[in-house]
Structures are given as C-alpha cells and as structure tokens.
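Below: the structure, in structure tokens.
Residue numbers (full-length UniProt numbering): 1 to 1044.
Next up, the structure:
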C-alpha cells in the first residue's frame, strides 16, 4: 500500500507539472460557455461554527470533556478553511480538480454549520438535560466534522495537486486586504521578536526544580519558527491574502499562549522549605508539559494548513497581445455615432492572425456589453447549400436544434427574432464567400437595430458586404511576438539561449498561430540551444506553411490588379532573409526608381506620402510584417516574413559557395550584392566583387544595393574598385539607385559624377568621412543620405542639385554656403554656428521644405534672425530645433511666434525657452510636442494653456529638465492626447490629472522623477490607459501607483 500511494503521488505531481505547462498554452483557465461547469454560486461567508465552538470550550468544560483537542482542531481548521475558500473565489478555477475541491470545502462548511445548529436547537429544546446528557450528541457532531475536515486536508496532501490563480499578464498587482495595512511583513517581523523574547524568558524564569524539559521547549519554538518562515515566503502566500492574515492571527495567539507558559510560576514566592512546594512544582511542570504538547499539535496543524492552502499565481497567456489598439478602435466605432457604415464592419486577415480572438474580445468588452444588450457569436460553416447554412446559423443564434429544411422558414424566423431585439450585435465568424453573405444578409438585416461584425480571410468578401468599413489585422510586431511566446514557453534566461529563441520567433513572421504552434512544440521540453537550433529549421516547414501559401496565392492574384505594389514588393526580395528594413529607406528607394505614381489631387500628398500608403497596403495584405513602430503609429522598420519569402522565391535556383560575394538579380535591373550570405533564394554566387561578373543582360542595371557587415577597410576597397571599373566601362550609366548603407567606409571614386541618372545615394551608417566634389554633378539626385557618417562639411556644389528632395546629415555637418531655390523637402542633421551665417540667410529660399532639423550654437542675436527666417517656411510639417553650448549641453533657445506655420504637426524644442508666452504662440495644428531642457515653470497655467490651445495634440513629451516646477496639474483639455511622457524632472513633487482630462490617453510613462511620491500623484479615471511605464522610480511609488 505505501508503495502504491507513493506512485500515485508521483503521478499526480507529474500531472500537475504538465498541467501548469499546458495552461500556459491556453487562452484562459476555463472557457465560459453555457456547457461548462463552474463552481456553484457561493454567498458571502456568515459561518459562526468556529465562534460557537470557542464559546463552548470556554463556558462548557463538561460538555467538551475528552473532546477538547478535537474541538480546537475544528475551530482552527475552519478559521483557515473559510478565508482560503474566499481567496480561491477571487480567481477562475484552473481545472476540474480545483472546482471539485472548492465544492467539497463549501459543503463541509455548510454541513458543519447545519450540524452545529441542530445540536444547539436540540440543547435549547431540552434545557432540563445537563451537559452530560448532551455529551454523546456533541461527540457525534464533532467527530463527523473532524472526519470531513481531515479527509479534505489529507486529499490535498496525498495527491499534491496545486491551486492556481490566473492573473493578467500585464500590470498585475495584487491589492492587499484592508487589514493588511498593519500586518504582512511587519507582523512576521514582530513574531520573530516575540519568539526571541519567549526563548529568553524560558531560560530565565525556570529553576532546576520547575524546569520544563529543554527538548520540549526547543521543539515547540522550532515549530513556531518554521511556521513563521513559511508565512514569510511572499511568493508562496501572495495569492492567498485572506488565508495569510488568518494564519498570522493564529500564530500570534499561539505565541501569547506560549509566553504565558514561560512566565515564572506563582509558587516561586512560596518559602523554599514549605512542604507543599515540591508537590506544586511537580504538578506545574506536568501541566506545562501538557500545555506544550497541545500547542505543538496546534502548530503542526497550522503548519500543514499553511503548506496545503496555497495559491500559485500564474500569468494568464494573453491571446490579444498586439490587438489592444484594434480592440479600442472597433469598440469605439461600434459604440459611438450613428454612421450607417457601422451596420456591417469586417475584420480581414490571413488564417491564424487572430480575427476570431479579436471578435470575441470585442463581444465581451464592457462597453459593448453596456451598449448592446443582445450579443451573439456565430461560427459560419463553409457550406454552399443555402438551407444548411441558414439552419446552422439559425440554431446557433436561437439556441435550438431545429432540423426544419425550408429556406423561407429560417429567413422569417431569424427576421422575426432580430426585429424583436434592440441594439443587437451579431458576430459572423469566417464569412468565406460573397454568396454566404448574400444568403445571410436577408435574414439578419431585417432590423436597423442589428449591427454585424464579420470576420473573413478574403478582402473581396469584406468589400462586397461594405467596402467603406474594413478593418485589416496586421501581423504582430517583433516585440509583440516575443511577449506572446514567453507566455507559452519557459526557458533558461542565459543570453545565448534567449538570442536564439528570439531568432526562432522571428521565423514565425509575427503570425499568432505559428507562435502558438511553436509554444506547443517546445512546451514540456527542456529548452536548450540544441533544441532551438532544430526548431529554427522546422518552424518554416510543414503545417506552418499552409496559411502563408494561401496568403501568397491570394496576394499574387490581388497584386495583378495593382502592379505598382508588386514592383514595390520586389525590392524586399533584395534584402537578406529576416532583415529589419527601414521604412524610410524603402520609401526613398521606391520614389527614386519611379515606382510611386504622382498624386495631383492634393498638394499635401507628396510622393513620399503615396509611397508610405503603398507600404501600408502591403502590411494590410499580411505580406509585410511591422518589426517596430513609433508610438504615433508610424512604421520604423518592417520585414518580408522569411517563411513567405521562401515560398515566394521557391522557384529560384541557387548554388552554394561559402565565403564569397553573392549576387541576387531581378528581372527589372535591380542588383543586390551580399558578402558571405547563406540565403538559399539567390540565383547564383560569385567569388569576387568585380564589374566583369555582371552578366551581359544586366550590363546596365538601374539599382545596386550592397550588404556587407565586415569590419576593416576591405569592404570599402571592394566597393570602390567595383564602382570605378564599372563606371569607367560604362556599365552603370543608367544607374538610378546606389545604396551602400552599413558598408564600412566605402570609398566613392572621384568619377562618381558620371552617374548622371542617379537619384538615390545611400551612405547612412557607413562612417564615410569625405565626399568627392563631383557629387555636385549628379543632376538628377533626389536623396543624399549622410546620417551616421563623419562628413563634417558639404561642398557648395550641393546647391546645384535642383532636384534634391531629401538631404540627411549627421548633426555635425556644417553648411557654409547660401542655398539656392530648389525642391528640397527634407533637411535634417545640419549643424549651424557662426560660420553658417550664409546658409542661415538663405534658408528662407527653401520654400518647399516640409521637414527641418537643426542643431544650433548661435548667439541670441543670430538665433533671432534664424527664428524669423523659419517663419517664412510656411510648408513646414515637422520642425526640430536643438540649441547647445560648447559642451553640447542645452542653452537658451530664441523663438518667434509659430502660429503662422499652420501645417506644422510635429515640433521638438531643446534648450531653455526664453519666451514665457511661447505656449500661446504654437500652431493649433500640432499633434506632437517634445520639450527638453526648456526650464518651464508655472505648471498649472502652462498645462491649462497647452490643453486648451492645442486641441489636436496627441503626443506630449516633457523630457530632461523641460519643466522645473514642483507641481504639474492637468486640469483642462488634452481631449485627443494618446501618449504622455515625463522624463527626468528632478523638481517634480506633485502630479495630478483631473477627471475628464486626457480621456483617450493610451500610454503614460514616468521616468526618473525622484521626488514624486504616490500620495501626491492622482490619476483620475484614465479609462483608456493600456500601458503604464514607470522607469527608474522608487519601488514604493511603482507598487502604490500600479494598485490605483
């Protein structure tokens, strides 16, 4: 028997371990459907069993005679079981075992109450009977309760199952019980102090004749100390706060009883030679021994309960990671206004991207529940038979099992149902064809009170239903994908393993279904680098390809109707697999190669804006994954998912040759040279970079990109030799794009000016130091990117390039010559000091400038001149001014009123703002405002003015020393604000956001504001807040603020 019992325990432990792993792969503990079994409703505890039994122990010694130990056991057990069940009820049951145990505990508590009530009623009805007459009935009652409670505890101990409480994966902070304000760690510390006092009292207060055996005292104190340590374990007890409070209370009571035993006995005052003293001493020692034994039994029971009554807090895997913004947008659209377009809204995306998850999240959203009293979720079958389709949908909505097979019957039945309902939301999941919607539309749209939210993989179905209300789901970003993955899989935290795991997650392409499958594959295994290396190769194979194959087929058909998107997509093929590709880089490349169609309908819609729209369309089609984006939603980097790229390029031949230059050629004259790249999609490899390796049919390429991350001078020399020979032989006369980004110090040949058709020259992150003067001969150049280079001066010939649209410099580059009127749209990274006065005087000539970023080191008088010139740039949309001194620290920044820059949407100012009225002189068009080193004060007036004067503001950043006051009170306005950042404001002591301010705030970040305290921080009803970031703030502040 013992061996079988041990085996059962071992199996149960293994099952529990497996269950915890499986739970990480599920969306929620138990799906709340009408068929699921839940814990029966439980009224708040009003059990008085423990209290009544305590009174009987004190007032009816004859009644409890011989049952004192059992009665105390029942009292203690109920004092712990009741709060533990209360703790369990705060969480959803994690398994059927949890539910059955809770049901059993509830039954025992209720039955104990009933049995005791029966006994008390019997005693009240027979007052003529003495305690001895009622004794048998009392014994029966106590024995029954003891048996039930012991069985419940033994069941938990024997089978070793765990109670799990699931909490949200983000921002969870357990709110303590109100009584815990004066307990918790302080109580545990006070218990330790009490133990030390008791130990010393036992040592002092007993003489040789009345000493209780040391081993008994040591054993009792040891048991008390061990129990104290169990309660000190915050991780073990934080899920069961009510239980912990009850345990601490019982432990303190035991300490008080123990302390009484340690006091010197009263007979110590009897004369030493008194004849009764020895007899009394023997009796006292015997009594103390008995009391100590009783206390030891009580402590053992308490210790058992502390071990058994624990709740393991586990983060609930969140399938809506990355869908928060989608949820917010759709809920807002469904619950506001009376737009007819909201009668049918579609969610479109590839298989496994989260359409059903999003639809369910919306259906259960609090705002939706309040707005739509009636809500239905229907899984639309892939059925071509109209009658079978209507029958299935009808039975799901009406919750029937009607087998009638008449078309009109079902249409009329559903029409009558919806006409009788008010404000009904119907989710039709998986509308797979236009014909399906045409059949269902007749039945569900008979009433204007019905709103339909449909999900589909096919955009043509969504357009057919309502082309003006389509919501595209995107692939998850790299950060979102990782966050989802680590909810599913636990692995060693060493850097090498994590790096490889992130590489594996990248291969999923941001598809939640692929990440989920990856989680199942790795769950239950010891995740090692060897295991991850195997998974890295398999993650793009087998079933994982199915959704992507469908996306490829749909997209290729779709792109035929819009060939410009197909041409744009071809540029992604040139980049190495799994590359993070800058959206800025792509847009410039597309524009340079003439892939962007001009938009003459709106003068504000530049070619760059059109190109950004193309990128958005590719993202909406789930062809391109966003890797990173700014808080304002703008894409920073993106990626052609590796698995889709492999499928897309599967027909390409490839040859393997290690440690060589490789050449990837496309049909339209685009070339990409890569060094030592193992990408299997290449058409061929070449062993050295030389113009003679370019095939005859590619002798006049339009675009060349180089990918070489080698260190040292060799990359630069290779590129220089290649360009010089290819230009000399006339092979590059038609070249439009030359992209050398990330190639270390490429040496541009002096004859580069012969590339008369060149429109794009990318040198970002090359650390190149000089440019040949012939750069000024590139008459068609549109983009010159020198950001993150070491070029300190530009030749005056740069202003001869009348077609130059984008000039990106490195923030240390000086321009000493007056610019000529040209088509420049973006100018960033210019360093302007006293030597740049000529440039400053001609700045106003750049009438088409949309974006300007300047770092200035000027005297106030010259700053004033610059400020007046900036006011003449009326097409500016983005402006950044950084005023620094000789130590590159912020200095005074002189500004003129900017009200007339009516197109300005983004403004960044670094430097102490001298004009206190600047807050009234900003254009109302601003959506983004960044301040740093501004030294502003008068927080109440400042923020009130900004809130009311800038109605379109969505992003507000107070960075280092931008505000020097002690209080920030947001009392009015900011109705559209989405993001607020407060960084490094050392004087800030009070922060208040009044009710009704910032109703749409989504992200709030506080960083390095050391004087800010929780009591002086009040954030009122930020109901839309999704992310609270607290960085480099005191732990106490972080804990308290997250609670509120």
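For every residue, glycine included, the Cβ atom is placed at its ideal position computed from N, Cα and C.
C-beta atoms of residue i and residue j nearer than 8 Å
i: residue 853; j: residue 888; result: no
i: residue 367; j: residue 320; result: no
i: residue 593; j: residue 702; result: yes
i: residue 1046; j: residue 564; result: Nothing about residue 1046 can be reported from this structure: the residues present for the chain run from 1 to 1044 only.
i: residue 363; j: residue 375; result: yes
i: residue 632; j: residue 350; result: no
i: residue 454; j: residue 523; result: no
i: residue 759; j: residue 780; result: yes
i: residue 348; j: residue 429; result: no
i: residue 815; j: residue 797; result: no
i: residue 927; j: residue 960; result: no
i: residue 829; j: residue 810; result: yes
i: residue 344; j: residue 466; result: yes
i: residue 246; j: residue 79; result: yes
i: residue 954; j: residue 977; result: yes
i: residue 911; j: residue 878; result: no
i: residue 1029; j: residue 1005; result: yes
i: residue 152; j: residue 105; result: yes
i: residue 849; j: residue 824; result: yes
Residue i classed as buried or exposed, judged by whether at least 16 other C-beta atoms fall within 10 angstroms
i: residue 700; result: exposed
i: residue 1031; result: exposed
i: residue 58; result: exposed
i: residue 1011; result: exposed
i: residue 298; result: buried
i: residue 782; result: buried
i: residue 423; result: exposed
i: residue 958; result: buried
i: residue 51; result: exposed
i: residue 635; result: buried
i: residue 288; result: buried
i: residue 408; result: exposed
i: residue 822; result: buried
i: residue 431; result: buried
i: residue 750; result: exposed
i: residue 695; result: Note on residue 695: pLDDT 48, under 50, position unreliable in the model; the coordinate value appears next. So residue 695 counts as exposed.
i: residue 175; result: Caution is warranted here: a pLDDT of 35 is assigned to residue 175, below 50, making its placement in the model unreliable, and the coordinate value is therefore given only provisionally. Under this definition residue 175 is an exposed residue.
i: residue 504; result: buried
Whole-angstrom C-beta distance between residue j and residue i, which should lie under 8 Å
i: residue 568; j: residue 590; result: 6 Å
i: residue 987; j: residue 1013; result: So it is not a contact: roughly 13 Å between Cβ atoms.
i: residue 624; j: residue 618; result: 4 Å
i: residue 936; j: residue 963; result: 5 Å
i: residue 805; j: residue 787; result: The Cβ separation is near 15 Å, so there is no contact.
i: residue 369; j: residue 390; result: The pair is not a contact, with the Cβ atoms about 28 Å apart (cut-off 8 Å).
i: residue 587; j: residue 628; result: So it is not a contact: roughly 16 Å between Cβ atoms.
i: residue 1045; j: residue 1024; result: The structure shown has nothing for residue 1045, since the chain only spans 1 to 1044.
i: residue 492; j: residue 353; result: Wrong, their Cβ atoms sit about 30 Å apart, outside the cutoff.
i: residue 86; j: residue 312; result: No, residue 86 and residue 312 are not in contact; Cβ-Cβ is about 17 Å, not under 8 Å.
Contact with chain C by residue i, beta-carbon distance below 8 Å
i: residue 809; result: Absence of chain C from the displayed structure is noted, only one protein chain being present.
Complete runs of the alpha helix (DSSP H) confined to the segment 693 to 766 [at least 4 residues]: 714 to 728
Given 8 Å, three or more beta-carbon pairs between the segment 986 to 995 and the segment 1017 to 1029: yes
Touch test, the segment 534 to 548 against the segment 373 to 384, Cβ-Cβ under 8 Å, three pairs minimum: no
Runs of alpha helix (DSSP H) lying entirely within the segment 467 to 495, each at least 4 residues, in chain order: 478 to 488
Three or more C-beta pairs below 8 Å linking the segment 704 to 711 and the segment 736 to 745: yes
The segment 506 to 516 contacting the segment 472 to 484, beta-carbon criterion three pairs below 8 Å: yes
4 or more residues per run - each alpha helix (DSSP H) lying fully within the UniProt domain "Disease resistance protein winged helix" (574 to 641): 583 to 592, 607 to 620
Whole alpha helix (DSSP H) elements within the segment 336 to 406, 4-residue minimum: 355 to 363, 366 to 371, 386 to 398
In chain order, each alpha helix (DSSP H) run of at least 4 residues that lies wholly inside the segment 969 to 1043: 1035 to 1043
Contained alpha helix (DSSP H) runs [length at least 4] in the segment 488 to 561, N- to C-terminal order: 495 to 506, 512 to 522, 529 to 538, 545 to 559
Secondary structure, beta strand (DSSP E): runs of 3+ residues fully inside the segment 797 to 857: 806 to 814, 826 to 832, 851 to 856
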